[in-house]
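Data first, discussion second: the structure below is written as C-alpha cells.
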Amino acid sequence: MFIFMVFIIKPAFADEIKNNKFGIHLAQPHLEDLVKAKLLLNSTGGDWGYVTLVMQENDRNKDKWQEIFDKMREYHLIPLIRIATQPEGSLWRRPTKEDADSWVQFLDSLNWVVKNRYIILFNEPNHATEWGGSVDAKNYTDTTLIFAQKLKQKNSDFFVMLAGLDASAPQALPNYQDESSFLQQVFNDDTIQQWNTVLSGLASHSYPNPGFSGVPYGFGRGTVRTYQWELDLLKQLGVKDLPVFITETGWVRGDESVVADNYKIAYENVWLPDDRVVAVTPFVFDYQGDPFLSFSWKLPSIQASEKQEFFQQFYTVQGIEKEKGEPEQVEKGQIRLDLPNELVAHSNFHFSIKLKNSGQALWDKDFGYRLIVEDREGKPFEYFFSDLRKMQPAKEDEIDFFVKTNGTIGKRAAILELKKDDRTILSSRTWEFEIFPLPSLAFSVNLFPHLKSNGNDFEFQIFNSKEEVVFKKKGVRLKESKGTIEEIRNIALGKKYRIVLLKSGYLPRQTFATFAKGKNAIKFETMFPFDLNRDGTLNFSDLFFFLKK
C-alpha cells in the first residue's frame, strides 16, 4: 500500500492580514462603475476588493485621479494601477527611460488608498502592438528597470510589478515573442539582482486558452493556472518568491451558465485556496464594442434592464462568500486640545477638540473609528464624543466632546485616543485638570427707580463661549439689591462667561465674569421697567403697550 501525502507550504510572502482576493478590471475609470464594482466585490461578507485601472500618460490629471482614489477609499476598493503611454495609430507608443521622472512625480503626488501603491509597468510587451511596433525584450528591461528603481527610490511603498505577458503568444519576432524566451532576456545574470531588489509582485494574465474558452480545471501554461507555470519559470531564473496578482483572466462570451460556473469553479478551487494569489481581477467590467465586447461583464445597453444589468457571471461571483479584507493604510493625524484645567463637580461640559486626518484612511464610525478617553489612573470617566462621519484625508474637523463630573474632588490626568476597532491610531497630549467644589456667586443690582430693591422672581442664566446656556436658575431672591447663588454648576474655572439677569417687565441686564474657586461676586447695571410687552427688548411694541395703558 502506498500512501501519498501532500504538504502545502505557506509562502513567506503570504500575509496574515485578512485579504479579499476578488477584483475586476476596468477599461475606463468611470466613477459610476466603481459603485457597481463595490457591489460586486464587497458582497457576501467581503470588503476591500481590488480594481485594476489603466492610467495613460495623456490622462495624468491630478484632480481627476485623486477623486477616483478618494471614491475608492470611500467604497473600500484597492487600486492596481497599470501605467500606459498612449496610442499612435494602431500601436502603443514605446516608453523611454526619460519618461520615468514625470511618472514618478505624478504617482507620488497622489494620496493613495492603501499603504501599498500597486504599479504595473505597461502591458503585454511580448506583443509588437504594445511596444511601439516591435517586440524588444532588452529595451523593455532597460526601460522598466529605470522606472522600478526610481519608483522605489521615491517611496518604498510603491509595489512594483512588471507587465502581465501573453503566455500563449508564439515565437514570431518581431511581432510576438514566447513568454519563456522573453522572461529569460528580462531576468539575466546582469539584471537579476537588481530586479530582486525592486520587484514586489507578479502580474499574471492567466487566461483559459485555447480561444479563451478552456476549462477551469486546466493545469499549466495557457490555463487559469498560468501563474503557477510562471512562478516555476521565474524560480528557475533566480527570481525571488513573488505574490501573484492575476490582473487579467476570463472567458469569451458563450453559454452564460457555463461561463458563470467556470468563474465559480476557478475561484473556489484554484485561486482562493492558493495562498500565493493575492488578487484576481477578470477582464473586463464594461466594454461595449469591439474588440472586447465578448469579455464584458456588463450587458449591452440594448439588452440591459433595471432587473438585470449584467451577464450571469456578475451575479454568480457576487454570491460567492468573501473575506473581509483589512489592508494596511498609512494612519497619520493629530488630536488638538484646548481644554480647561479647572472644572467643578456635579457638572456637565460641552467642549470641542480638533481632529486632523493626514493619512490615507477614511475615518468613519461605520468603519470602526471612534474616540475614547483613557484616564491615566484608570479612574471612571463619564464622556461621549460626536460620531465620526466620512472624515477624509487632508481634512480637519471639530468634534464635540461632552464630559460629566461627579462629586469626586482632586487632580486628574487623561489622554484622548482615536481607535480603529481595538487598535490605537492617534493619541493626544495628556490633559491634566483638577475638579473643585461648586463655587458660589454673589451679585447686586438695583431696580429703577428704587435705591434698594427686593424680589424673588429673578432668573439667572450663564452662557458659554458657544452661546449655549450652561446654567439657569429661576426664582432667585433679591434682598436690598443683593443676592447669592450658592452652587454654580457646569462652568470651568478661569474661563469667561456671559451672565444674564432677567425679571418680568424689566429689560435684561448682562455682564461678563471669569469664575474662580470659592466665592465670586459681580454687579449688574440698574434694571429699567421698560419691557412692557415682556419680549426682553426695548422697541416700538413697548411704546404701544405704554400708550395703551
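For the sequence shown, my numbering begins at 235 and goes up steadily by one.
All C-beta atoms, glycine included, are put in the ideal place defined by N, C-alpha and C.
So who's on the other strand from E322, going by DSSP bridges?
-> DSSP output for E322 lists L325 as bridge partner(s).
For the structure I just gave you, are there three or more beta carbon pairs, one from the segment 264-283 and one from the segment 294-309, closer than 8 Å? Counting C-beta pairs with one atom in each stretch, the segment 264-283 and the segment 294-309 have three or more that are closer than 8 Å, which means they touch.
- Chain-order list of residues whose beta-carbon lies under 8 Å from that of N195 (same chain, five-residue window excluded): With the chain running from 235 to 783 in the structure shown, residue 195 is simply not present.
If you count every other CB in all the chains shown that lies within 10 Å of the CB of V338, and 16 or more means buried, which is it?
Burial call: buried.
Next item on the list: Could you name the residues of the same chain whose beta carbon sits closer than 7 Å to that of V347, not counting the 5 residues immediately before and after it, in chain order?
Entry: Cβ-Cβ distances below 7 Å link V347 to F303, M306, R307, I312, P313, Q594 in the same chain, with the five nearest sequence neighbours on each side left out; the list follows chain order.
Less than 9 Å between the beta carbons of E576 and E668, yes or no?
One thing to note: E576 has its Cβ within 9 Å of the Cβ of E668.
Check: Can the beta-carbon of L675 be found less than 9 Å from the beta-carbon of K753?
Finding: Closer than 9 Å, so yes.
So what's D281 in DSSP terms, helix, strand or just coil?
Strand.
Give the range of the alpha helix (DSSP H) segment to which W665 is assigned. Counting along the chain, W665 falls outside any alpha helix (DSSP H), though it belongs to the beta strand (DSSP E) covering 665-670.
Taking all protein chains shown into account, do 16 or more other C-beta atoms lie within 10 angstroms of the C-beta of F677, making it buried, or fewer, making it exposed? When all chains shown are included, F677 counts as buried.
Counting only the same chain and skipping the five closest in sequence on each side, list residues whose C-beta sits under 7 Å from that of D281. The answer, listed in chain order, is N254, H310, K558, G559.
Quick check: what's the CA-CA separation for F236 versus W463?
Because the pLDDT at F236 is just 32, under 50, the model does not fix this residue reliably, and the value given afterwards should be weighed accordingly. Each residue's Cα considered, the two are about 28 Å apart.
Quiz item: Would the C-beta of G739 count as close to the ligand SAM, meaning under 8 Å from any of its heavy atoms?
Solution: As for the ligand SAM, it is missing from this structure, which has no ligand bound.
Pair within 9 Å by beta-carbon distance, L385 and L417: Contact flag unset, no.
Notebook entry, point to check: Just to confirm, are S581 and K638 a CB contact at a threshold of 9 Å?
Noted result: Their beta carbons are under 9 Å apart, which means S581 touches K638 by this criterion.
Between the CA atoms of L407 and S368 - distance to the nearest angstrom
A direct Cα-to-Cα measurement between S368 and L407 gives close to 8 Å.
Exercise. Assuming F636 contacts H684 (C-beta within less than 8 Å), just tell me the rounded distance between them.
Key: Actually they do not touch by this definition, with Cβ atoms about 43 Å apart.
Residues in the same chain with beta-carbon distance under 7 Å from N292, minus the five sequence neighbours each way, listed in chain order, please. Only residues of its own chain outside the window of five on either side were considered, and among them Q320 have a CB closer than 7 Å to the CB of N292, listed in chain order.
- Task: With distances taken Cα to Cα, identify the nearest neighbour of S402 among Y374, N443, F526, D423.
- Result: Checking every option, the nearest Cα to that of S402 belongs to N443.
Quiz item: Which residues in the same chain have their Cβ closer than 8 Å to the Cβ of K599, if we skip the five residues on either side of it in sequence?
Solution: Only D621, L622, R623 meet the Cβ criterion.
So, using beta-carbon positions, are S687 and E666 closer together than 9 Å? For S687 and E666, no; Cβs fall outside 9 Å.
C-alpha gap between D412 and Q405, whole angstroms:
Annotation: D412 to Q405 spans about 5 Å, alpha carbon to alpha carbon.
- Kindly list the residues whose CB is nearer than 8 Å to the CB of T204, restricted to its own chain and excluding five residues on each side of it in sequence; keep chain order. In the structure as shown, the chain starts at 235 and stops at 783, and residue 204 therefore has no counterpart that could be examined.
Straight-line gap, W429 to P477 (C-alpha atoms, nearest Å)
Looking at the two C-alpha atoms, the distance is approximately 15 Å.
| What is the C-beta distance between R538 and N591, in whole angstroms, given that I count them as a contact (C-beta under 8 Å)? | Position check: residue 538 holds Ala in this sequence, whereas Arg was assumed. Contact flag wrong, Cβ pair sits at about 39 Å.
**Request:** Indicate whether the contact test is met: 3 or more Cβ pairs, each with one atom in the segment 610-620 and one in the segment 697-714, closer than 8 Å.
**Result:** Too few Cβ pairs lie closer than 8 Å, so no.
| said: Helix, strand or coil for S513? Go by DSSP, reduced to three states. | reply: Residue 513 is actually Ala in this sequence, not Ser. Strand at A513.
Status (buried if at least 16 other CB within 10 Å, exposed otherwise) for P763: Result: exposed.
Checklist entry - In chain order, what residues of the same chain lie with their CB nearer than 8 Å to the CB of L340, ignoring the 5 residues before and after it? => result Note that residue 340 is Phe in the sequence shown here, rather than Leu. Close CB contacts of F340 within its chain, under the 8 Å cut and outside five residues either way in sequence, are with R294, K296 (chain order).
inquiry  = Once DSSP output is grouped into helix, strand and coil, what is the label at S530?
reply    = S530: coil per DSSP, three-state reduction.
Could you tell me which of A579, P450, G323 sits nearest to T642, measuring between CA atoms?
Nearest Cα to T642 within the set A579, P450, G323: A579.
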